[in-house]
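Undergrad: Chains as they are written, first to last, in our numbering: chain A, 1 to 249; chain B, 1001 to 1310; chain C, 2001 to 2303. The structure that follows is given in the form of structure tokens.
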């Protein structure tokens, strides 16, 4: 079996004595679509922040494509093909839709330290293509702050694809959407991921969404992974049903 | 005052007093009395910052206003302790009212605005008060006299101290106790401390935050005014009085940790002592010391000695 | 767009022609306008575009002025050489402050900048042999045709126009856009590869250098420097100008500086209570037109 594209080894992080990550280990295969689920407070956000360099683990390792990237700052991980979105939709509301994507593309091409050449005409076509890819039809000149919630989610997805990531982390990609929009939104991500052989790790509250698209599911409970497997395996797991899924499905 | 320009380091430092217990005790007490005033001003600044996250650049100006109020009541000649007491109480009460009114008229409307706006209005208050005292009281520097009973020397710790300095230490300690009781033994204190930690939670609890903010801003200003009133007999009451006080109060609050009550106490004590001994050890460097310490604290421990990182 | 070009052209002509119809007094005022326009614009690079609020920006204005004055008076440098070196000194000092500042958030960044300014002020105030202490340094002259009132005016105009042009390009460049992105959402910026601290530090150094150039020009215009330029009250000046003109626009601080300087010049002719009027004005602007002059006009045009 090939080396997994992403591997977490015994990640630990506590906040004031409370273990938010209590020895998390798992591996994700190339081009896999992996869901991480767990009740509120299970440690999903902490795990995401450990994997994407926003938090430094107390112990443990993060291995990306065979390289140790533990505690590599986020801005460097971006250059190594890692991208992420946030639970609270994160776009630059003081820039236009076009500029949001342009800035990420410029960053990927290492052009952020050009002080004198105007940014506006640079990489417009590439930016337009990304906006088209995620199906954002709002005018590119529009202020990002004027977008609807659903369009903001699409814009954030477009921005996160700008570095042609090999691993994409999505933190609650359908949060705040109406039930009928969620499946559509996650299927869009799945389609893009399949086209580009992109590895996706995502957290999600909506179990319907999770079971519809995930290749594998990891279940996080009190800072540890208590179960992992294909959707039907996880659905059948007695442990999972007891601690978490019992009331949901 | 000596000026920097020494030919060599030996001329910058004077340490021959270090084995003299009388000098040590005298400077310690002088530092304590200086620290007591710094505590009053700093506690108000810290209280306001803790609750409303506003850095009150007008804090020194309010102190100056308190001094003018006190000087007006006590006059230049009166040595009556009763008049003096009335003057100090008036200083604190009038600055409390002034602060509360300013909060209601101006600050209340801009809590949600950019931090620059909050900074600017407190700065505007500095400009307004600076000119207002010139308009009302003129440009001269005025000095009050020590009240009878506190104008003599007092023997304490084996040294002779001006009794007014000792009085300041006592008042500082009493106010400190009163503030402690207020913060840790009353419902208002619980609210103030809760607001310092998490303002949103306060709202969620259904507290009338607007009244709390008015009260706290008034209280903070009242403390500065109290310090101003108490300073009348020992400073020149003039339009330039506010600047030094403000930056020293900033130093106290930053060193201790902005918004921390014990931090303010320790910060005031440390700065008072640093001033008292610094002026002996390195007279030419002493004035730089508060800012040097403040800068170093912000560089390496920005939340101060007693604050918590945000 | 054409109206804008026309307006810009008219302003340029008026600025170039000022010495033709204005006496030495108003030429001096015009120098002041130009110099403070650069000072305020340098502040707004950090504030309006970078989302940082340093309370002590006057440190760099004053450091620029004193660097020039000390080099000219104590080291007998040619004033033009000193004018070129002063901004470099300020950029280095600003980079040093930035090294500690940019990791801090909000109020702590403001306080550290304030604290550094007060440290510098106290040193300048006390170091009599070098800085002249309370008296400042006088006789800071630029010899030759450039040193006349009109010469200094054109020198300042050209330098400031060039620097404003540089700032204009800067805020529209990838660097500037990343700085603005970091203002809006530092976390997300990091996630798309922006080294937020480094971007802010570079902006800090540039703003420090430009404020220093403004200070150095102001020293030449006054032929002297005073420690009051470094005092904490001086740091409010660029903030007032920026908010007065409008912090969300590039020209806002420039317009704010012009209005501020002219207002101050006119009013101090009538009253000694200029500070009182300014204080009331500041409170009125904050409460009634928080978008500043530019924002107010823009809203008026939209109806």
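The C-beta atom is built at its ideal place from N, Cα and C for all residues, glycine as well. Bear in mind the structure is a predicted one, so any value in this text is a computation, not a measurement.
Around the C-beta of residue 85 (chain A), are 16 or more other C-beta atoms found within 10 angstroms, so that it is buried, or is it exposed?
TA: buried
Undergrad: When you compare the CB of residue 2277 (chain C) with every CB in chain A, is at least one pair closer than 8 Å?
TA: no
Undergrad: Given a threshold of 16 other Cβ atoms within 10 Å of its Cβ, counted over all protein chains shown, does residue 247 (chain A) qualify as buried or as exposed?
TA: Below a pLDDT of 50, predicted positions are generally treated as unreliable, and residue 247 (chain A), at 48, falls in that range; no measurement from the model is reported.
Undergrad: Kindly give me the distance between the Cβ atoms of residue 2227 (chain C) and residue 2108 (chain C), rounded to whole angstroms, as I take these residues to be in contact under 8 Å.
TA: At roughly 26 Å, the Cβ-Cβ gap does not stay under 8 Å, so residue 2227 (chain C) and residue 2108 (chain C) are not in contact.
Undergrad: Residue 2123 (chain C) touches chain B at which residues, Cβ-Cβ below 7 Å?
TA: Residues of chain B whose Cβ lies closer than 7 Å to the Cβ of residue 2123 (chain C) are, in chain order, 1288.
Undergrad: Does the beta carbon of residue 1130 (chain B) sit closer than 8 Å to a beta carbon anywhere in chain C?
TA: At least one CB atom of chain C sits nearer than 8 Å to the CB of residue 1130 (chain B).
Undergrad: Would you decide whether residue 49 (chain A) is buried or exposed? Buried here means 16 or more other CB atoms lie within 10 Å of its CB.
TA: When all chains shown are included, residue 49 (chain A) counts as buried.
Undergrad: Apart from the five residues on each side of it in sequence, which residues of its chain come closer than 7 Å, Cβ to Cβ, to residue 119 (chain A)?
TA: 102, 106
Undergrad: Kindly indicate which three-state DSSP category residue 2122 (chain C) falls into: helix, strand or coil?
TA: helix
Undergrad: Spell out whether any CB of chain A is found under 8 Å from the CB atom of residue 2184 (chain C).
TA: Judged by the 8 Å Cβ criterion, residue 2184 (chain C) is in contact with chain A.
Undergrad: Note down, in chain order, each residue of its chain lying with its Cβ closer than 7 Å to the Cβ of residue 61 (chain A), except the 5 sequence neighbours on either side.
TA: 9, 68, 70
Undergrad: Mind listing the chain B neighbours of residue 2052 (chain C)? Cutoff is C-beta to C-beta under 9 Å, in chain order.
TA: Residues of chain B passing the Cβ test: none, with the nearest at roughly 10 Å.
Undergrad: Does DSSP put residue 2073 (chain C) in a helix, in a strand, or in coil?
TA: helix
Undergrad: Please list the segments of the alpha helix (DSSP H) lying wholly inside the region 193-238 of chain A, counting only runs of 4 or more residues, in order along the chain.
TA: Qualifying alpha helix (DSSP H) stretches, in chain order: 207-213, 231-236.
Undergrad: Please classify residue 96 (chain A): does DSSP put it in a helix, a strand, or coil?
TA: strand
Undergrad: Could one say the Cβ of residue 203 (chain A) lies closer than 8 Å to chain C's Cβ atoms, at least one of them?
TA: no
Undergrad: Any contact of the region 2211-2220 of chain C with the region 2080-2099 of chain C, i.e. 3+ C-beta pairs under 8 Å?
TA: yes
Undergrad: Determine the direct distance from the alpha carbon of residue 2113 (chain C) to that of residue 2046 (chain C), and round the result to whole angstroms.
TA: 12 Å
Undergrad: Give the interface partners of residue 1219 (chain B) over in chain C, defined as CB-CB distance under 7 Å, in chain order.
TA: Simply none; closest approach about 21 Å.
Undergrad: Please confirm whether residue 2285 (chain C) has its beta-carbon closer than 8 Å to some beta-carbon of chain A.
TA: no
Undergrad: Measuring only the C-alpha atoms, how far is residue 1229 (chain B) from residue 2271 (chain C)?
TA: In a straight line, the C-alpha of residue 1229 (chain B) is about 30 Å away from that of residue 2271 (chain C).
Undergrad: Could you check how far apart the C-beta atoms of residue 1060 (chain B) and residue 1246 (chain B) are, in whole angstroms? I think they sit under 8 Å.
TA: 3 Å
Undergrad: Could you list the residues in the region 2073-2106 of chain C with a C-beta less than 7 Å from some C-beta on chain A, going in chain order?
TA: Of all residues in the region 2073-2106 of chain C, none has a Cβ within less than 7 Å of some Cβ in chain A.
Undergrad: Candidates C:2251, C:2151, C:2136, C:2182: which alpha carbon is nearest residue 2063 (chain C)'s?
TA: C:2136
Undergrad: Suppose the cutoff is 7 Å on Cβ atoms and the five residues either side in sequence are ignored; what does the same chain contact list for residue 20 (chain A) look like?
TA: Taken in chain order, the residues that qualify are 13, 14, 43, 46, 223.
Undergrad: Would you decide whether residue 2002 (chain C) is buried or exposed? Buried here means 16 or more other CB atoms lie within 10 Å of its CB.
TA: exposed
Undergrad: Looking at residue 2191 (chain C) and residue 78 (chain A), is the spacing between their C-beta atoms short of 8 Å?
TA: yes
Undergrad: Taking beta-carbon pairs under 9 Å, can you tell me which members of the region 84-97 of chain A lie near chain C?
TA: Here the close residues are 84, 85, 86, 90, 91, 92, 93, 94, 95.
Undergrad: Helix or strand or just coil, what does DSSP make of residue 1079 (chain B)?
TA: coil
Undergrad: Of all the options B:1279, B:1284, B:1290, which has the alpha carbon lying nearest to the alpha carbon of residue 2127 (chain C)?
TA: B:1284
Undergrad: Could you list which residues in chain A have their beta carbon closer than 8 Å to that of residue 2005 (chain C), in chain order?
TA: Under the 8 Å cutoff, chain A gives no residues; its nearest Cβ is about 18 Å from residue 2005 (chain C).
Undergrad: Give the interface partners of residue 2116 (chain C) over in chain B, defined as CB-CB distance under 7 Å, in chain order.
TA: Under the 7 Å cutoff, chain B gives 1295.
Undergrad: Go to residue 1161 (chain B), then tell me how far its beta strand (DSSP E) extends in each direction, as first and last residue.
TA: 1159-1162
Undergrad: Quick one: what's got a C-beta closer than 8 Å to residue 1210 (chain B)'s C-beta in the same chain, skipping five residues either side?
TA: 1108
Undergrad: If you drop the 5 nearest sequence neighbours on each side, which residues of the same chain put their C-beta closer than 7 Å to that of residue 1259 (chain B)?
TA: 1046, 1049, 1050, 1196, 1307
Undergrad: Using a Cβ cut-off of 8 Å, which residues of the region 1193-1205 of chain B contact any Cβ in chain C, in chain order?
TA: none
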